[in-house]
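Asks: One structure is given below, represented as structure tokens, and several questions about it will come after.
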Amino acid sequence: MAAFASIDDRLRHWIASHRRVFALTGAGCSTASGIPDYRDHEGEWKRRPPVMIQAFRMQDAVYRRYWARAYAGWPRFTAAAPNAAHRAFAAWEAAGTLFQLVTQNVDRLHQRAGCRAVIDLHGRLDVVACLGCGEHTSRSATQEAMAAANPHWGAEAATAPDGDADVEAAAVALFAAPRCERCGGLLKPDVVFFGENVPRGRYEQACEALAGADALLVAGSSLMVYSGFRFVRLAHEAGLPIAIVNRGRTRGDDFAALKIEGDLGSTLTQAVHLAFDGSSRTVV
Ligand SMILES: [Zn+2]
15 MAAFASIDDR LRHWIASHRR VFALTGAGCS TASGIPDYRD HEGEWKRRPP
65 VMIQAFRMQD AVYRRYWARA YAGWPRFTAA APNAAHRAFA AWEAAGTLFQ
115 LVTQNVDRLH QRAGCRAVID LHGRLDVVAC LGCGEHTSRS ATQEAMAAAN
165 PHWGAEAATA PDGDADVEAA AVALFAAPRC ERCGGLLKPD VVFFGENVPR
215 GRYEQACEAL AGADALLVAG SSLMVYSGFR FVRLAHEAGL PIAIVNRGRT
265 RGDDFAALKI EGDLGSTLTQ AVHLAFDGSS RTVV
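Positions 15 to 298 (my numbering) are the ones given, in order, by the sequence shown.
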């Protein structure tokens, strides 16, 4: 425990003080796994904004560019492994007082770290849905189909949060975008694109969980996307205590009684370890 002596004790106390915590996590939770964040510390876009759903559906060039980047970025995206923050949430859930985790991330790293009560608010990137017939397939199968259809295509790329990558326009023009093998329809990863709403049932499931919570923790999200921010508003309206751990400003700062700016992995790991003292019993 000596190694933890210098940490900010407020988060440990906050965690130890609540019995049914609802946690909301965002891109900042996965940056240490090599999946970069879209936004900087002021909440502004760091790079080009992500693909909008309307353009994806309507414009062949946008569809082709999306899939070319997704194809190039997939190997790096799938190589990402859970980091200390994901493991800390899993340990906290196992200790019994983190009862629902809702993530804006589509990488499934919380589940891979061992978290069970996870709602993928924005969907999951490892599943592909056909916009024509509704058929769902695995993203890895789509990757194989794209590899077969583009035997000589290659692009050096840097990965973005939704698994796509920067690819030269000339290379994009040569890319054969995938289509549904059953109906020929457009394929889309089973994630909520910008311009789309979170499916109602999924949202309601998260709201129900929040209604049964006694506190809200936001971790690694600037809350600039309303689908996440609305949980802060709901928690605030319900009178729940709100804590935020994030590098940089968030849209929810004015609602949080506790705001910690720091490295999410080490901050959360230390707080969870100290709150539970390595056992499932709370040490206040
Ligand atoms: Zn189809």
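Glycine residues also receive a C-beta, built at the ideal position from the N, C-alpha and C atoms.
1) Which residues share a DSSP beta bridge with Gln114?
2) For the segment 129-138 and the segment 208-218, state whether three or more C-beta atom pairs, one from each stretch, are separated by less than 8 Å.
3) Please determine, among Val142, Gly87 and Thr39, the residue with the shortest C-alpha to C-alpha distance to Gly279.
4) Could you tell me whether the segment 97-104 touches the segment 22-29, where touching means 3 or more Cβ pairs closer than 8 Å?
5) How would you label Pro203, buried or exposed, when you count the other beta carbons within 10 angstroms and need 16 or more for buried?
6) Return the bridge partner residues of Gly137 from the DSSP annotation.
7) Give the DSSP-derived three-state secondary structure of Arg26 in the structure shown.
8) Please check the pair Cys197 and Cys129, which I expect to be a contact at CB under 8 Å, by giving their CB distance rounded to whole angstroms.
9) Leaving out the 5 sequence neighbours to the left and right, which residues in its chain are closer than 8 Å to Arg126 when beta-carbon positions are compared?
10) Skipping 5 residues on each side, what residues in its chain have a beta carbon closer than 6 Å to that of Arg34?
11) One question on the structure: do Leu200 and Tyr77 come within less than 9 Å of each other, judged by their Cβ atoms?
12) Going by C-alpha to C-alpha distance, which of Trp167, Val206, Ala143 and Ser152 sits closest to Ala183?
Replies: If we stick to the structure as given:
1) Position 100 of the sequence shown, counting from 1, holds the residue named residue 114. As computed with DSSP, Gln114 is found in a beta bridge with Phe36.
2) With a cut-off of 8 Å, the segment 208-218 and the segment 129-138 count as touching, because enough Cβ pairs lie within range.
3) The count along the sequence shown starts at 1 and reaches residue 279 at position 265. Out of Val142, Gly87 and Thr39, Thr39 has the C-alpha closest to the C-alpha of Gly279.
4) At 8 Å Cβ cutoff, the stretches do not touch.
5) Sequence index remark: in the sequence shown, residue 203 carries index 189 (1-based). Burial call: buried.
6) The residue you call residue 137 lines up with position 123 of the sequence shown. Answer is Val205.
7) Position 12 of the sequence shown holds residue 26. Three-state result, Arg26: helix.
8) Sequence index remark: in the sequence shown, residue 197 carries index 183 (1-based). Sequence index remark: in the sequence shown, residue 129 carries index 115 (1-based). That belief does not hold up - the Cβ atoms of Cys197 and Cys129 are roughly 35 Å apart, past 8 Å.
9) Taking the first residue of the sequence shown as position 1, residue 126 is located at position 112. Ala95, Pro96 and His100.
10) The residue you call residue 34 lines up with position 20 of the sequence shown. Taking Arg34 as the centre and dropping the five residues before and after it, the same chain places the C-beta of Phe113, Ala227 and Asp228 closer than 6 Å to its C-beta, in chain order.
11) Mapped onto the sequence shown, residue 200 falls at position 186. Mapped onto the sequence shown, residue 77 falls at position 63. In this structure, the beta-carbon distance from Leu200 to Tyr77 falls below 9 Å.
12) The sequence position of residue 183 within the sequence shown is 169, counting from 1. Closest by alpha carbon: Trp167.
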